[in-house]
């Protein structure tokens, strides 16, 4: 502003001043009135303004009265940035928040509706304003801090309360003047930042309201709108809405069985495959409105990385993929109705609702960083020097960035329905980024890494977001998005204790408590249902048996799940202490590919993991010093010896924890083995050849690539899959990779034979199949292929790859 302004907390005796184009800190905040502020011009007899709130982000207007009676309008903008609330004051010249136009033939008196119990200014009476016929006047609230703001109209002996936020035509007001019945039409129109209340002569043929045929008898104690419309005998004649038939001028419907979106990163790996099933989009254009209805019955996002610990990233938690469940409860539904109103220059929506069913979000850290790399975010680097300076000496608070104004939107009803997210997260190494950061040699950094690996796992943390219902909302689009982001961000922060309570190293106490309480409810609820709902006596026994079974099932599930989470986290932390990257990677792949489906398989996979860990520990004492010496000489030898000694103790302990974890996980999964259809990836990861050319998806090539990655826990995953041939019995296939030809038996994923290109001398095709001649004219394996076209095709692929190998060897020579 161009003048100095005094300000103080409402009811406080301490005041301060702020000069033009400057700022001042706000002190003396009291617990009772700290959220209310009032301002005035300096000098004697200048009046303090009505109080306004400083904890409500947005704009509000305040009337300032000078000693000579002059009134000026000040726009107060409350901006929240970081930890600071900025209160910006600016003189408002032309854009008053409201304007009242009296186009009728009757004088009107109006004032702000007040409730002394809720009036922040105490028992102060509102100012009353008289508006003559044919005149218009700008208006701003006398009490801007009132929680609910409305306007009271007085015409003759009649009284009417107007909600200024409700844009559109309102029910007309009827009153008596000199025994004559007069009706005034009421309309609220949005003209940019100004809302206009227009009072005009009621014309029944042009109005949305008509006099009601039925009489409404007056209730003297009633304060509703109809109590203001009476004749001299005390009988009310209300108004009813004219139901105009909305004619459809255009209709559009789109129904798709499904949409699949594949994301492929710069390393030519498929990262995500997202599917939308049974998408139904309908758009209708009426004479007075437009409506859109979007339904998506199933949403699923798959992690297509072979190293994924969570193969499915996002999916509906409680909705079954099969049956009629998705028809009754679509995963996502958006309904919006837009009103065609030429009188207002804002986007007007009569109704908007957003529904999202309960979903599960399961992410591992490697996938998260790979996704960030895909969208080209800057990844944190371990090489950046840590800032150890706690305080840089700067006390100056930066200037706020005012929000960017955009188009105005009005919602008669905005309804975002409640939804729930079950969040799971696992810490992993980053192996799917453009650049893999090396581990730090700092022992404290290693200790922190071990602890975060053990603690940083979250399992099914239930994050619930409450419903949000807003009526008669007029807001700038940018401000609206900022408010929604802030609201749901705070909802998330308020539930951080659920995330902490779902940490695996604690045994997921939130999940354990949920399962136990659900089982206790079932043991009482099921017999009650059988006793009350049914007339048959045996149904009580059936309900008792069902409830008891559910109680034991959920109890066993809860305790075994918690126990497996604790042991798995401890084993993961100990594995990091070995500093053996090959061992850690093998353990990670083995756990992701050998999930026990029942207790017996849990014992088998746990025993295998224990044996592999003990063997790796014993072998590491001999191999790691040699590997260290080959890399770094004498220093590398002693470093490798230290790692081997640590591994010979830590690796068997990792195996023991993995054994217990697998057994507990198997027991847990046994309780759910008959619970409906399991959710799996929609399809296998896309195959992209070594040339990096994207082609239409091929189920056959993707299946061959999967066999290569799954065989011996990814032993040959570093080679590129090129082709395969099924020998006809659906149990034996021949795989061609960039480094070898091998024959696999699929039943137990065993290797029958393999021939590397370094061992191969020539390839021959005859009428019975394909034969290989190894070096020194040794007869190699034979591939029986009876079909001539298939034989020629597979031989050509082998020759092509073998020739490339020979050319590469010649170039090296």
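Numbering (our numbering), first residue to last: 8 to 820.
All residues carry an ideal CB built from backbone N, CA and C; glycine is no exception.
Check: Assumed close pair residue 46, residue 71 - CB separation to whole angstroms, cut-off 8 Å; Outcome: 7 Å
Check: Residue environment, residue 16, which counts as buried when at least 16 other CB atoms sit within 10 Å; Outcome: buried
Check: Spatial neighbours of residue 215 in its chain, beta-carbon cut-off 7 Å, leaving aside the 5 residues before and after; Outcome: 176, 248, 249
Check: Cross-strand partners of residue 771 (DSSP beta bridge); Outcome: 778
Check: Pairwise C-alpha distance: residue 349 and residue 292; Outcome: 16 Å
Check: Spatial neighbours of residue 56 in its chain, beta-carbon cut-off 7 Å, leaving aside the 5 residues before and after; Outcome: 45, 46, 47, 69, 70, 71
Check: Local Cβ density within 10 Å of residue 60, reported as buried at 16 or more and exposed below that; Outcome: buried
Check: Integer Cβ distance of residue 199 from residue 183, believed to fall under 8 Å; Outcome: Contact doesn't hold; Cβ gap of about 37 Å is too wide.
Check: Rounded C-alpha distance that separates residue 289 from residue 695; Outcome: 37 Å
Check: Spatial distance of residue 723 from residue 796 (CA atoms); Outcome: 29 Å
Check: Where residue 503 falls: helix, strand or coil (DSSP); Outcome: helix
Check: Residue 353 versus residue 417: straight-line alpha-carbon distance, rounded; Outcome: 7 Å
Check: Contiguous alpha helix (DSSP H) assignments of at least 4 residues, all confined to the segment 272-337; Outcome: 332-335
Check: Delimiting residues of the alpha helix (DSSP H) encompassing residue 142; Outcome: First-last for residue 142: undefined, no H or E at that position.
Check: Residue 355 - containing beta strand (DSSP E), residue span; Outcome: 354-363
Check: Proximity below 8 Å, CB of residue 174 to CB of residue 157; Outcome: no
Check: Sufficient close CB pairs (3 or more, under 8 Å) joining the segment 471-479 to the segment 408-427; Outcome: yes
Check: Inter-residue CB distance, residue 877 and residue 116 (contact presumed, cutoff 8 Å); Outcome: This structure cannot settle anything about residue 877, because the visible part of the chain is limited to 8 through 820.
Check: In DSSP terms, what residue 183 is bridged to; Outcome: 188
Check: 8 Å Cβ cutoff met for residue 302 and residue 364; Outcome: no
Check: Same chain, Cβ closer than 6 Å to residue 235, five either side skipped, listed in chain order; Outcome: Only weak support is given to the placement of residue 235: the predicted model assigns it a pLDDT of 37, under 50, and the value that follows is read from those uncertain coordinates. Cβ neighbours of residue 235 beyond the five flanking positions: 165, 166, 167.
Check: 6 Å Cβ shell around residue 118 - same chain, five flanking residues per side excluded; Outcome: 133, 135, 159
Check: The segment 691-707 / the segment 260-275 touching (three or more Cβ pairs under 8 Å); Outcome: yes
Check: Selected residue, minimal CA-CA separation from residue 212, among 467, 324, 192; Outcome: 192
Check: Cβ distance (whole Å) where residue 427 is taken to contact residue 357 below 8 Å; Outcome: Rounded, the Cβ-Cβ distance is 28 Å, inconsistent with contact.
Check: Contact set for residue 142: own chain, Cβ-Cβ below 6 Å, skip 5 residues either direction; Outcome: 109
Check: Residue 33: first and last residue of the uninterrupted beta strand (DSSP E) it sits in; Outcome: Per DSSP, residue 33 belongs to no beta strand (DSSP E) and is neither H nor E.
Check: Cutoff 7 Å; reference residue 733; Cβ partners in own chain excluding five residues on either side; Outcome: 740
Check: Buried or exposed (CB count within 10 angstroms, at least 16 for buried), residue 252; Outcome: exposed
Check: Cα-Cα separation, residue 412 to residue 429; Outcome: 36 Å
Check: CB contact flag (residue 368, residue 320, <8 Å); Outcome: yes
Check: In DSSP terms, what residue 661 is bridged to; Outcome: Its beta-bridge partners do not exist; DSSP assigns none.
Check: With 16 other Cβ atoms within 10 Å as the buried cut-off, status of residue 315; Outcome: buried
Check: Contact check, residue 361 vs residue 424, beta carbons under 8 Å; Outcome: yes
Check: Same chain, Cβ closer than 6 Å to residue 812, neighbours up to 5 away in sequence not counted; Outcome: 764
Check: In DSSP terms, what residue 24 is bridged to; Outcome: 13
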